[in-house]
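Chemist: To start, I am sharing the structure in question, which I have written as structure tokens.
Number of protein chains: 2
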Amino acid sequence: MSQNIELTVSGRIRKSPYYNATIRYGAKTFTVYNHMLMPTSYEDPEKDYWNLVNNVTVWDVAGERQVEISGPESYRFVEYITPRDLSKLQIGQGKYALITDENGGIINDPIILRISKDKFWLSIADSDVLLWTKGLAEGLGWNVKIREPDVSPLAIQGPNNLPLMIDLLGEWVSELKYFFFKEFELDGIPLIVQRSGWSKQGGFELYLMDGTRGEELWERVMEVGMKYDIKPATPNNIERIESGLFSWGNDMNIENNPLELPLNNFIQIDKGADYICREALQRISSQGVKNKIVGLVIDGEQLPGACENNWNIFSSDKLSGKVTSTAYSPRLKQNIAFATVDSHLGGLGTKLDVETPWGRRSAKVSKIPFN
Amino acid sequence: MSQNIELTVSGRIRKSPYYNATIRYGAKTFTVYNHMLMPTSYEDPEKDYWNLVNNVTVWDVAGERQVEISGPESYRFVEYITPRDLSKLQIGQGKYALITDENGGIINDPIILRISKDKFWLSIADSDVLLWTKGLAEGLGWNVKIREPDVSPLAIQGPNNLPLMIDLLGEWVSELKYFFFKEFELDGIPLIVQRSGWSKQGGFELYLMDGTRGEELWERVMEVGMKYDIKPATPNNIERIESGLFSWGNDMNIENNPLELPLNNFIQIDKGADYICREALQRISSQGVKNKIVGLVIDGEQLPGACENNWNIFSSDKLSGKVTSTAYSPRLKQNIAFATVDSHLGGLGTKLDVETPWGRRSAKVSKIPFN
């Protein structure tokens, strides 16, 4: 388990603007994310984890591609694709949103950024949202333009992010509120700077708007970061599970709907604007969901590897769900996980059995975040 | 160059029903294709090549996922998404087709199979056609149902494919014409058997319709194939370039349109049915295309590696295109390639310069297929 695979590189799998830098700085393993190589470890996932939770790190997350939706009907369109109420989304603000098909099936879970009155970016997880939105807009005949702009996020994450960012960009960054952003040029390198990132350790994302300047930006961050002992790292599976961050494609996909997730604050079924899955969510809401996506603590010593495929979950020997992501938390000294279970088993403290590749273990539904 | 990368395995990157078998039989390297691991080599690409062109091989191509389009308006819909005329597509027949957006941008190049009067499969290359078609159909409000069924192709390719396939499935397979298919059960394993495959060495694709039976099917093929010295192999970059088979994502993508490709037989601009890019193709056709996708022979000895990113092409020192795929052909003893060039440079025999990572080489536009 957890054995790495040799990947053949080809043009179809894109290289990020930071790729050469990440190789130079010792990136050891990668994933493919939105048809692009994205690093997944440097030293090893646990050392990368400690660098992230104790200090500050820089991540190549260019694989989080942007889908730009602009034009006179762009606001109407972004409201239409999500059950989240975006009516208060300000220019210069981002919001996390689930986007769904007409049945409520989750297609992706981007951050939606309002760049200007009539221009939005979806900062996406690993599915071709460009194709979904283009198809839908074309079919509807709405007046929007949709494209993937030349934008490649670099994340600065970890508790010591702020002094570094002030040194790099100026005092003004400390005034940015969570998920808000501003355009900024760093010695001519065009950026959008957002207080965000796929960890709960605090930090920023620099949306580089010129792919030819990736290495320059990376080196600037490293230069300023030296004083703070910055380390290269990546989205970290341990930290993101501890923090309750779901991964589209792992913990949810088009087979799931928003009501199965513990994300009520991000779903406004009765929002004012028209949206694609209103009827579906109203129906599911009145009938009750079949599944719940929950946190799980798996008993016993550290599991020898993480969940690569789904592991079956049993309740009184009846197949009742599947584990979708696991990690051993070095801080909690527990095996923590996300799982999809039959909805009546979703209550906190419910006892379940998990069939791991190393035998059956007892487990308990836990609060999210875990820490 | 051509160095492999360590890939982190996670649930987001699916395993094919043949995955365990491919590992057992020595698959060495993989790619990610439609969010699924797909083997890219066993012995090494050149040995795999000779096994393919001299004898017979079996390939895990489950990553060629199917998008199923069914319902009363399914025929209307599949006509709508492609400039290929499908009016003569019979039940039990497949056709290669480019599918495009409203501007003619190529979204994918599937084989379209007509399963029944009102049911089609698109056997796709590496982009989320499921999302494109679902979005478009939903926006149009047409009466079709679109899903990814549990179907995983296994390919038998190579000049000695037929006796093996007769032993495996019966004499009837020899009567299947190119791209035609039939449903068949092999000891209860549900299959669609098509005379097709991503090589020009001849063969079949077995569309397994029950993912739990992948290993069983693989072992049945190997058992019958022993007599024919069958080898496990994969879609082969050398053979597919020799044979003139383009790879979506490498040689073309949404930035290209069908008229840039030498595929006139697959495009009927004036077809009877309504289709999404008619106006765009008529406009491009009358204005003339800007680029041409061509074959190229690159002079000199064998290049030390294949093209991973694009290589620049120059004509009289002016940037005039890019190389998108390369291979050294052991049969032709030449460096062969696909490239996108300014359209006035697309004529056979046109001399160009290619900037390889090992220096500049002269090159010449060549016929496709090369052999």
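Here the protein sequences line up with chains A and B, keeping their order. When you read off a place in the first sequence, starting at 1, and then add 5, the result is the number in my numbering. When you read off a place in the second sequence, starting at 1, and then add 5, the result is the number in my numbering. Don't be surprised by glycine CBs; every beta carbon is placed ideally from N, CA and C.
1. W55 (chain A) by DSSP, collapsed to three states: which one?
2. Please confirm whether K338 (chain A) and G354 (chain A) have their CB atoms less than 8 Å apart.
3. A32 (chain B) by DSSP, collapsed to three states: which one?
4. Listed in chain order, which residues of the region 86-120 of chain A have Cβ atoms closer than 8 Å to some Cβ of chain B?
5. Of all Cβ atoms in chain A, is any one closer than 8 Å to the Cβ of N9 (chain B)?
6. Using a Cβ-Cβ cut-off of 8 Å (strictly less than) and excluding sequence neighbours within five positions of S253 (chain B), which residues of its own chain qualify?
7. In the region 49-98 of chain A, which residue ranges form an unbroken alpha helix (DSSP H) of at least 4 residues, counting only runs that do not cross its ends?
8. What's the gap between the Cα of V299 (chain A) and the Cα of C312 (chain A)?
9. Quick check on W363 (chain A) - is its C-beta less than 8 Å from some C-beta in chain B?
10. So which residues on chain B does F1 (chain A) lean against when the C-beta distance must stay under 9 Å?
11. When you compare the CB of H40 (chain A) with every CB in chain B, is at least one pair closer than 8 Å?
12. May I ask which residues mark the beginning and end of the beta strand (DSSP E) holding N296 (chain A)?
13. On the premise that N296 (chain A) lies in contact with T345 (chain A), defined as a C-beta separation below 8 Å, what is that separation, rounded to the nearest angstrom?
14. Between the alpha carbons of G109 (chain B) and Y183 (chain A), how many angstroms are there, rounded?
15. Could you tell me if L196 (chain B) is buried or exposed, where buried requires 16 or more neighbouring beta carbons within 10 angstroms of its beta carbon?
16. Spatial neighbours of V14 (chain B) within its chain, please: CB distance less than 7 Å, with the 5 preceding and 5 following residues excluded, ordered by chain position.
17. Of the choices B:G175, B:I246 and B:G16, whose alpha-carbon is the least far from that of Y54 (chain B)?
18. Using a cut-off of 9 Å between C-beta atoms, extract the partners of S330 (chain B) located in chain A.
19. Examine the Cβ distances between the region 234-245 of chain A and the region 39-50 of chain A and report whether three or more of them are shorter than 8 Å.
20. Do we get a CB-CB distance below 8 Å when we pair S179 (chain A) with the residues of chain B?
21. Going by beta-carbon coordinates alone, are R81 (chain A) and W126 (chain A) separated by less than 8 Å?
22. Counting only the same chain and skipping the five closest in sequence on each side, list residues whose C-beta sits under 7 Å from that of L169 (chain B).
23. Would you decide whether D358 (chain B) is buried or exposed? Buried here means 16 or more other CB atoms lie within 10 Å of its CB.
24. Please say whether I289 (chain A) and L2 (chain A) have beta carbons closer to each other than 8 Å?
25. Just how far apart, CA to CA, sit L159 (chain A) and I28 (chain A)?
26. Among B:P77, B:L91 and B:I86, which residue has its Cα nearest to the Cα of N270 (chain B)?
27. Under three-state DSSP, which class holds L308 (chain A)?
28. Could you compute how far the alpha carbon of E11 (chain A) sits from the alpha carbon of G207 (chain A)?
29. Can you tell me whether Y183 (chain A) is helix, strand or coil according to DSSP?
30. Are the C-beta atoms of S128 (chain A) and some chain B residue less than 8 Å apart?
31. For Y155 (chain A), does the count of other Cβ atoms within 10 angstroms reach 16, so buried, or fall short, so exposed?
32. What in chain A is Cβ-close to D131 (chain B), meaning under 8 Å?
33. Exposed or buried, what is N56 (chain A) when buried is set at 16 or more other beta-carbons lying within 10 Å of its beta-carbon?
34. Assign Q287 (chain A) to one of three DSSP states: helix, strand, or coil.
35. Take L395 (chain B) and list the residues in its own chain whose beta-carbon comes closer than 6 Å to its own, dropping the five residues that flank it on each side.
36. Looking at R366 (chain A): is its Cβ nearer than 8 Å to the Cβ of G305 (chain A)?
Modeler: Considering the structure as presented:
1. helix
2. no
3. Coil.
4. D106, E107 and I112
5. yes
6. Residue identity check: residue 253 (chain B) is Trp in the sequence provided, not Ser. Here W253 (chain B) has I111, N113, D114, A130, D131 and S132 as same chain residues with Cβ atoms under 8 Å from its own Cβ, once five neighbours each way along the sequence are excluded.
7. Under the rule that a run must span 4 or more residues, the alpha helix (DSSP H) segments found entirely inside the region 49-98 of chain A read 50-59 and 79-85.
8. 15 Å
9. no
10. The first residue shown for chain A is 6 and the last is 376, placing residue 1 (chain A) beyond what the model contains.
11. Chain B contact via Cβ: present.
12. N296 to I303
13. Confirmed, Cβ separation roughly 5 Å.
14. 40 Å
15. buried
16. none
17. B:I246
18. Those are S15 and G16, listed as they occur along chain A.
19. yes
20. no
21. no
22. The answer, listed in chain order, is V61, I161, V229, G230, Y233 and I235.
23. buried
24. Here chain A has residues from 6 to 376 only, and residue 2 (chain A) is not among them.
25. The alpha-carbon separation between L159 (chain A) and I28 (chain A) amounts to approximately 15 Å.
26. B:L91
27. coil
28. 33 Å
29. It is coil, neither helix nor strand.
30. Not a single C-beta of chain B is nearer than 8 Å to the C-beta of S128 (chain A).
31. The residue asked about is misnamed: residue 155 (chain A) is Asp in this sequence, not Tyr. Looking at its Cβ environment, which holds fewer than 16 other Cβ atoms inside 10 Å, D155 (chain A) is exposed.
32. Within 8 Å Cβ-Cβ: R17 and H40.
33. buried
34. helix
35. Within the shown structure, residues of chain B are numbered from 6 to 376, placing residue 395 (chain B) beyond reach of any answer.
36. yes
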